[in-house]
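Residues 1 to 500 (UniProt numbering) make up the sequence shown, in order.
Using N, Cα and C, we set each Cβ at its ideal position, and we do this for glycine too.
Since this is a predicted model, take the numbers as computed values, not measurements.
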Amino acid sequence: MAAAADGIQAYVDKVVQKLPNEDEDQQSDAVRQYLSKKIAWISPNEEQFDALVKLLKKRLDEGHGETILEIGTGVADGECPGLLVDEMEASVATMKSMQAVLDSEVQLLREKLVSNNTRYINEYLIRRHIDQEDFMEGLALALGVPVFVIVTKIDMAPPNVLQETMRLLQRILKSSGVRKIPLLIQNNDDVITCATNFTSERLCPIFQVSNVTGENLDLLKKFLNLLTTRMEACIDEPAEFQIDDLYAVPGVGTVVSGTTLKGTIKLGDNLQLGPDPLGQFRTVQIRSIHRKRMPVKECKGGQTSSFALRKIRKSELRKGMVLLSPAIPPVAYWEFEADLLILHHPTTISTKYQAMVHCGSIRQTATIITMSVEHLRTGDRANVRFRFIKSPEYLRVGMKLVFREGRTKAIGSISKLYPHVPTPAPNTRGKTRSQALAGSVANTITTDQSQPSKRTEVTDDTNRSAYKRTKQTTTTTTTTTTTAAPGDQNNNNNVDQVTH
């Protein structure tokens with residue numbers, strides 16, 4: 001216990017010594033002494049709580065996002081080890097408040113009883129949540145996206161520190177895995193040169209700016225204004241819109257947001273929405289269009305916007321669906337081929353391997369059906385055929401994709417598509433549930449190959465008799481309603497009454 005106490009005291013001293021030297025961040029002797037006590041977690045004031053947060057953050061940084069914390073021990077002389085039940089509960093409440101501040105999670109590892117089973121010492125595992133940034137490392141280089149660097153706060157950085165930072169940055173950009181040409185932007189000629197050649201993916205402009213003094217901000221603005229778009233708007237082509245997010249707005253209805261890939265979409269247009277889990281598309285009408293929280297009458301290719309749709313529920317939609325012009329054939333695809341490059345994989349990849357495919361706004365697990373090679377390892381290239389496991393998607397040849405699962409990362413582009421032929425859904429509009437079910441049963445009977453029907457026409461009497469025979473063969477008794485409820489028509493009419 002004494003060795004553990006000495007370790008805690010040494011760690012506290014180490015953290016305090018590394019704190020900034022500004023007056024507002026200096027810790028008083030009282031706070032240093034408080035951190036060394038086992039009661040530090042019970043009821044800290046604001047200054048003590050901030051000190052605990054800094055201490056825990058430092059331990060998480062040194063442990064690469066994880067650390068083990070022991071509550072109930074201290075280094076002050078004369079302290080009995082462990083905490084009483086109410087003291088432990090207060091300490092855990094403080095720890096959970098710190099957990100929310102540091103965006104982490106807490107897991108109890110061990111609970112020890114000490115001092116004749118009257119006091120507790122608990123050990124907790126604290127680790128940061130996995131963030132989206134954990135899966136974004138190296139993506140810009142892997143996908144071939146041009147990048148530029150902005151070095152900020154140059155007004156407060158010492159010259160030697162700024163010079164060392166620039167030297168390190170240039171060494172990283174010139175390394176074998178990056179192979180960029182760094183160029184420090186100092187005047188308007190540098191801005192024009194970089195903006196003109198930025199899409200070459202080799203040039204990497206570096207800006208040194210200060211938001212306080214405004215130094216070099218004019219050069220950065222000129223550079224952004226001179227950049228050309230990598231994708232052409234193609235506003236004269238048939239419209240295509242990919243759905244990135246879904247909303248159910250009270251008083252408005254279903255709203256979708258995303259990017260118009262090409263064409264022009266106007267207020268009141270009828271577009272094809274899909275594909276659904278069966279690979280089918282349905283016609284919807286654009287009730288209203290919003291861009292940057294303002295209503296507009298149209299949106300063009302390359303612009304992000306949100307649409308309010310008529311007569312559709314949010315539950316019928318999902319991210320990855322598209323809105324297509326009637327001039328575009330609505331085709332969904334279960335399977336596709338892609339030229340794949342394996343960036344990293346711990347072992348080998350073979351057929352039937354499953355991972356998440358990101359393609360535009362599509363995020364769905366896919367299975368490898370066939371490969372042009374027997375096995376794939378880190379650094380290998382191959383032509384791979386995939387199949388989605390949940391629902392078909394709308395794809396185009398040439399679309400970029402990312403294939404990932406855990407630490408496995410691969411990139412590629414779609415080279416071939418295999419169209420899906422959807423099965424026509426039965427038309428149940430205007431029918432009650434029992435009539436629709438009866439029609440489905442009758443159609444199943446007439447198309448059954450093992451018991452072919454002599455009649456090619458199915459009448460309403462046949463539907464009713466088939467439905468009765470089906471009810472008699474079931475082992476459970478069900479009750480069906482053959483007339484529409486009085487409220488059904490009203491519920492259908494309510495959809496048209498929603499205004500955007």
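Using a Cβ distance threshold of 8 Å, I265 and I286 count as a contacting pair.
In this structure L261 is in contact with E240, their Cβ atoms being roughly 5 Å apart against a cut-off of 8 Å.
Taking every protein chain shown into account, the CB of G320 has 16 or more other CB atoms within 10 angstroms, so this residue is buried. For the options E111, Y120, L55, G63, the alpha carbon positioned closest to that of V101 is the one of L55. Pairing C299 with P238, the inter-Cα distance amounts to about 13 Å.
A residue is called buried once 16 or more other Cβ atoms fall within 10 Å of its Cβ, and R128 is buried on that count.
For E337, the closest of V384, V331, R167 by C-alpha to C-alpha distance is V384. Take the alpha-carbon of L401 and the one of P182: they are about 28 Å apart. Taking T348 as the centre and dropping the five residues before and after it, the same chain places the C-beta of H375, R377 closer than 6 Å to its C-beta, in chain order. Following the DSSP letters along the chain, one finds R171 inside the alpha helix (DSSP H) bounded by residues 159-173.
Per the Cβ contact rule, the stretch 245-256 is not in contact with the stretch 212-231 (fewer than 3 Cβ pairs under 8 Å). Membership of T193 in the alpha helix (DSSP H) is indicated by the continuous run 188-197. Assignment of M88 by DSSP, reduced to helix, strand and coil, places it in the helix class.
Bounds of the beta strand (DSSP E) holding L184 are 181-184.
Counting only runs of at least 3 residues, the stretch 49-128 fully encloses the following beta strand (DSSP E) elements, listed from N- to C-terminal order: 66-71, 104-114, 119-128. Secondary structure of L224 (DSSP, three-state): helix. For N45, there is no enclosing beta strand (DSSP E), as DSSP gives it neither H nor E. Residues V151, I154, Q208 of the same chain have their beta carbon placed closer than 8 Å to that of L162, with the five preceding and five following residues left out of the count. Within the same chain, G258, T259, L261, V322, G360, S361 come within 7 Å of Q242 by CB-CB distance, once the 5 residues on both sides are set aside. Three or more Cβ pairs closer than 8 Å define a contact, and the stretch 212-221 falls short of that threshold against the stretch 287-298. Y394 has no beta-bridge partner at all, per DSSP. Taking N197 as the centre and dropping the five residues before and after it, the same chain places the C-beta of L203 closer than 7 Å to its C-beta, in chain order.
Here the alpha carbon of N187 sits roughly 43 Å from the alpha carbon of F307.
Rounded to whole angstroms, S415 and W334 show a C-alpha spacing of 14 Å.
For secondary structure counted as the beta strand (DSSP E) over 3 or more consecutive residues, the stretch 311-376 holds these complete runs in sequence order: 322-324, 332-344, 354-359, 362-371. Looking at the DSSP output, V149 shares a beta bridge with I206.
Beta-bridge analysis with DSSP links P277 to no other residue.
Apart from the 5 residues on each side of it in sequence, K409 sits with its Cβ closer than 7 Å to the Cβ of L343, H344 in its chain, given in chain order. According to the DSSP secondary-structure assignment, P238 is paired through a beta bridge with no residue.
P81 has its alpha-carbon roughly 8 Å from the corresponding atom of Y120. In the three-state reduction of the DSSP assignment, S200 falls in the helix class, which pools H, G and I. A buried status is given to S325, since no fewer than 16 other beta-carbon atoms sit within 10 Å of its beta-carbon. By the 16-neighbour rule on beta-carbons within 10 angstroms, I289 is buried. Per DSSP, reduced to three states, the secondary structure at L143 is coil, with no helix or strand assignment.
Pairing L52 with I126 gives a Cβ-Cβ distance that is not under 8 Å. For the 8 Å CB-CB criterion, Y418 and A332 do not form a contact.
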